[in-house]
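Here's the structure we're looking at; comments come further down.
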Amino acid sequence: MSTALGREGSRGWSTAACLAVLAVMIGLLSVSARAATVLKIDVAEATRLSEWVVRARVLSLASLDLRSSGGSIYTEVSLSIDAVYRGQKVPKTYVMRLLGGVGNDGIALSVPGMPEFKPGDDVVLFMEKVGVGHVPCGLGQGVWHVAPGVLAQPVVYRSLDGLAIVARGADGKLTEERVAPAQGVKLLAQLVREIKAVIP
Numbered sequence: 218m219s220t221a222l223g224r225e226g227s228r229g230w231s232t233a234a235c236l237a238v239l240a241v242m243i244g245l246l247s248v249s250a251r252a253a254t255v256l257k258i259d260v261a262e263a264t265r266l267s268e269w270v271v272r273a274r275v276l277s278l279a280s281l282d283l284r285s286s287g288g289s290i291y292t293e294v295s296l297s298i299d300a301v302y303r304g305q306k307v308p309k310t311y312v313m314r315l316l317g318g319v320g321n322d323g324i325a326l327s328v329p330g331m332p333e334f335k336p337g338d339d340v341v342l343f344m345e346k347v348g349v350g351h352v353p354c355g356l357g358q359g360v361w362h363v364a365p366g367v368l369a370q371p372v373v374y375r376s377l378d379g380l381a382i383v384a385r386g387a388d389g390k391l392t393e394e395r396v397a398p399a400q401g402v403k404l405l406a407q408l409v410r411e412i413k414a415v416i417p
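Per our numbering, the very first residue in the sequence shown carries number 218; after that it's consecutive.
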């Protein structure tokens, strides 16, 4: 994990806040100083692990600084849910909270591999439930961007930038897989079929 500390480093931070950020940094260290290590998950596994699988449009982004109450710096991603492929009682709009962002004092927290969004993005999200709510399963592996395709058939792809993906071999050992930053281009209709094939 790379952390950009604006201004004068950690001046103004309490010891507890500094230790909390250090703990997060250590917990996310990986084979690469600029990558988060995650286990490889395919569409079927992501579907099984996710409470919600949805198609959504990104409405807005906002930073949220909770350090004064013992939390961290987050980015809140406001979503309009356009289609639900898996899940019960999925709201029409949802605010997804992701670790990282810019604090009230200009300090920035950056988490390699954390998905990045911009207003207007059209995405298919595989969302597991954690302490801060529903977030992408497997970091960037759980976010498929939707783009126009040929003959009016939309395509999807994943951005795996900032991720070191490892897979467990038959011998039980983990090995790093080489993947392109933009990976897995396929028709949206094909992705939906793969999702529905897993749902009982």
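Backbone N, C-alpha and C fix where the C-beta goes; we use that ideal spot for every residue, glycine too.
1. Quick check on DSSP: helix, strand or coil for Lys257?
2. Looking only at its chain, what residues have a beta carbon closer than 6 Å to the beta carbon of Asp339, apart from the 5 residues adjacent to it on each side?
3. So Gly304 and Trp269 are in contact, right, with Cβ under 8 Å, and what is the actual spacing, rounded?
4. With distances taken between CB atoms, is the gap from Leu391 to Val383 smaller than 7 Å?
5. Output the distance between the C-alpha atoms of Arg284 and Val352, rounded to the nearest integer angstrom.
6. Assuming Gly320 contacts Val328 under a Cβ cut-off of 8 Å, what Cβ separation, rounded to an integer in Å, is found between them?
7. Ordered along the chain, which non-local residues of its own chain (more than five positions away) have a Cβ less than 8 Å from that of Val307?
8. Using only CA atoms, which one of Leu356, Gly389, Lys403 lies nearest to Thr254?
9. Less than 7 Å between the C-beta atoms of Ser280 and Thr292, yes or no?
10. Between Gln358, Lys346, Thr310, which has its C-alpha nearest Ser277's C-alpha?
11. Helix, strand or coil: how does DSSP classify Val409 here?
12. Compute the Euclidean distance between the alpha carbons of Ser289 and Gln358, then round it to the nearest angstrom.
13. Is the Cβ of Gly288 closer than 7 Å to any Cβ of chain E?
14. Kindly indicate the opening and closing residues of the beta strand (DSSP E) around Pro353.
15. Considering only DSSP beta bridges, list what Leu315 is partnered with.
16. Could you pull the start and end residues of the beta strand (DSSP E) that Glu345 belongs to?
The short version:
1. If you number the sequence shown from 1, residue 257 lands on position 40. Coil at Lys257, not helix or strand.
2. Taking the sequence shown and counting its residues from 1, one reaches residue 339 at position 122. Hits under 6 Å: Arg274, Val363.
3. Within the sequence shown, the letter at position 87 stands for residue 304. Within the sequence shown, the letter at position 52 stands for residue 269. Right, their Cβ atoms sit about 4 Å apart.
4. Along the sequence shown, one-based indexing puts residue 391 at 174. Along the sequence shown, one-based indexing puts residue 383 at 166. In this structure, Val383 lies closer than 7 Å to Leu391 by Cβ.
5. In the sequence shown, the residue the question calls residue 284 occupies position 67. In the sequence shown, the residue the question calls residue 352 occupies position 135. Using only the alpha carbons, I get a separation of about 20 Å.
6. Locating residue 320 in the sequence shown gives position 103, counting from the first residue. Locating residue 328 in the sequence shown gives position 111, counting from the first residue. Gly320 to Val328, Cβ: 14 Å. No contact.
7. The residue you call residue 307 lines up with position 90 of the sequence shown. Answer for Val307: Trp269, Val271, Ile298, Val301, listed in chain order.
8. The sequence position of residue 254 within the sequence shown is 37, counting from 1. Nearest C-alpha to Thr254: Leu356.
9. For the purposes of this step, residue 280 is taken as residue 63 along the sequence shown, with counting starting at 1. For the purposes of this step, residue 292 is taken as residue 75 along the sequence shown, with counting starting at 1. Their beta carbons are under 7 Å apart, which means Ser280 touches Thr292 by this criterion.
10. Walking along the sequence shown from the start, residue 277 turns up at place 60. Nearest C-alpha to Ser277: Thr310.
11. Within the sequence shown, numbered from 1, the residue matching residue 409 stands at position 192. DSSP places Val409 in helix when its eight states are reduced to three.
12. In the sequence shown, counting from the first residue as 1, residue 289 sits at position 72. In the sequence shown, counting from the first residue as 1, residue 358 sits at position 141. Going from the Cα of Ser289 to the Cα of Gln358 covers about 23 Å.
13. The structure shown has no chain E; it contains just one protein chain.
14. For this step, residue 353 is matched to residue 136 along the sequence shown. From DSSP, the beta strand (DSSP E) with Pro353 extends over 350–353.
15. Along the sequence shown, one-based indexing puts residue 315 at 98. Beta-bridge pairing links Leu315 to Thr292.
16. For the purposes of this step, residue 345 is taken as the residue at position 128 of the sequence shown. It spans 339–347 - the beta strand (DSSP E) in which Glu345 sits, taken as one unbroken run.
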